[in-house]
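If you number the sequence shown the way the working numbering does, the last residue is 350 and the count never jumps. By construction, the Cβ of each residue, glycine as well, lies at the ideal position given by its N, Cα and C atoms. Computed from a predicted model, the values in this text were never measured in an experiment.
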Amino acid sequence: MKKLKKYNISLKRSLGQNFLINESIPRKIVETSGLTTEDTVVEIGVGAGVLTSLLVRKAKRVIAYEIDRSLEPLLVPLTTFDNLQLNFQDFLKADLSTLEVEGDLYFIANVPYYITSPIIEKIIFNAPPFKIAMLMVQKEYANRLLAKPATKEYGALTVTVSAFAIVSKVFDVSKKNFVPVPKVDSTVIKLEPKVEMEIPVEEKDKFRAFVRSSFAQRRKKLKNNLKALIPDVEAFLNEAGLSENIRAEELSPDEFIALYHRLKRW
Ligand code: SAM
85 MKKLKKYNIS LKRSLGQNFL INESIPRKIV ETSGLTTEDT VVEIGVGAGV LTSLLVRKAK
145 RVIAYEIDRS LEPLLVPLTT FDNLQLNFQD FLKADLSTLE VEGDLYFIAN VPYYITSPII
205 EKIIFNAPPF KIAMLMVQKE YANRLLAKPA TKEYGALTVT VSAFAIVSKV FDVSKKNFVP
265 VPKVDSTVIK LEPKVEMEIP VEEKDKFRAF VRSSFAQRRK KLKNNLKALI PDVEAFLNEA
325 GLSENIRAEE LSPDEFIALY HRLKRW
């Protein structure tokens with residue numbers, strides 16, 4: 085990262101600027117993604133371009149977003165790749181409906197952690213159909229996405245994301261691989277959209293509200309969290325074959341999906 089000094093660039097914590105210094109990690113991410121020379125990849129948060137420089141050598145098209153234009157001098161060498169479209173723009177404000185996709189669409193990124201959830205939401209709900217999203221996220225966040233019912237990490241986030249995507253862990257990454265060294269370790273996760281959506285996308289906000297209410301107070305029983313939302317909540321749970329004493333954290337994502345559909349008919 086000598087270049088940072090050369091161009092007098094100071095990294096901004098507020099933008100989640102922890103850059104990878106160990107090239108073997110982005111290499112492993114790209115290799116395990118399955119990306120081919122026929123495909124299009126979107127990268128979120130180019131930084132100093134360590135991942136981008138591998139993507140441009142691998143993919144047919146690379147569409148990359150970076151919010152911080154002060155990093156531009158670091159990225160000049162990449163502009164010789166004519167398969168790269170480098171956008172100095174807030175990814176969350178980008179219009180993905182106009183993306184020109186050739187082959188399969190991938191998202192590959194070491195995301196800025198302060199906006200991990202909005203990024204995942206945008207990929208799942210506001211992007212053209214994609215094959216795989218390989219995202220490096222904070223380890224604790226990955227643990228919440230991957231959590232099993234009845235554990236302390238399991239919650240509304242786990243249930244909402246797994247209703248729309250299959251999440252799996254790829255590998256952990258120690259904080260020592262970044263500059264500046266962050267306080268937290270990271271994990272690379274893989275998201276694959278579910279082939280058959282069990283919740284129609286237009287009902288995502290309703291489903292999310294239902295799940296959030298269910299977990300509103302974790303220590304309370306589900307019936308207490310839902311009593312303002314569901315008339316005669318005990319009968320509702322009984323008819324669904326669930327104990328009145330059940331807590332939200334004991335229900336699997338599939339059980340939440342079934343309960344949500346049942347609620348629409350109640
Ligand atoms: N890809 C590089 C790497 O792996 O070393 C940098 C990753 S760094 C964790 C995240 C990058 O996202 C930073 O360069 C930051 O400026 C950029 N960023 C932050 N917010 C963004 C946004 N809303 N849209 C696009 N890029 C953003």
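C-beta atoms of residue i and residue j nearer than 8 angstroms
i, j, result
"Leu230", "Ile192", "no"
"Leu189", "Thr124", "yes"
"Arg145", "Phe172", "no"
"Leu347", "Ile314", "yes"
"Gly129", "Val221", "no"
"Ile113", "Val272", "yes"
"Gly187", "Leu158", "no"
"Phe103", "Gly131", "yes"
"Glu328", "Pro233", "no"
"Ile105", "Phe262", "yes"
"Ala247", "Pro337", "yes"
"Val295", "Lys307", "no"
"Glu26", "Thr136", "Residue 26 falls outside the range modelled here, since the chain spans only 85 to 350, and no answer is possible."
Bounding residues of the alpha helix (DSSP H) (the contiguous stretch that carries residue i)
i, result
"Leu241", "240–248"
"Asn322", "317–323"
"Asn194", "Note, Asn194: premise wrong, no alpha helix (DSSP H); beta strand (DSSP E) at 189–194."
"Asn167", "Neither: Asn167 is in no alpha helix (DSSP H) and is coded neither H nor E."
Proximity test, residue i beta-carbon vs the ligand SAM heavy atom, cut-off 7 angstroms
i, result
"Leu128", "At residue 128 the sequence reads Ile, which differs from the Leu that was named. Checking the Cβ of Ile128 against the ligand SAM gives yes."
"Gln101", "yes"
"Val272", "no"
"Asn106", "no"
"Val265", "no"
"Asn194", "yes"
"Phe175", "yes"
"Ile207", "no"
"Val221", "no"
"Val268", "no"
"Ile151", "yes"
"Leu135", "yes"
"Leu170", "no"
"Lys226", "In the sequence under discussion, the amino acid at residue 226 is Ala, which differs from the Lys named in the question. Checking every heavy atom of the ligand SAM against the Cβ of Ala226, none is found closer than 7 angstroms."
"Gly432", "Nothing can be reported for residue 432: it is not among the residues displayed for the chain, which extend from 85 to 350."
"Leu155", "yes"
Min CB distance residue i to chain B below 8 angstroms
i, result
"Ala342", "The question asks about chain B, but that chain is absent: this structure has only one protein chain."
Bounding residues of the beta strand (DSSP E) (the contiguous stretch that carries residue i)
i, result
"Lys274", "270–277"
"Ile128", "124–128"
"Leu219", "216–222"
Buried versus exposed, by CB contacts within 10 Å (16 or more), residue i
i, result
"Ala240", "buried"
"Phe209", "exposed"
"Arg331", "buried"
"Gln101", "buried"
"Thr244", "buried"
"Ser181", "exposed"
"Thr120", "exposed"
"Glu323", "exposed"
Original post:
Three or more beta-carbon pairs under 8 angstroms between the region 254–268 and the region 153–167, yes or no?
Top reply: The region 153–167 and the region 254–268 do not touch, with fewer than three beta-carbon pairs separated by less than 8 angstroms.
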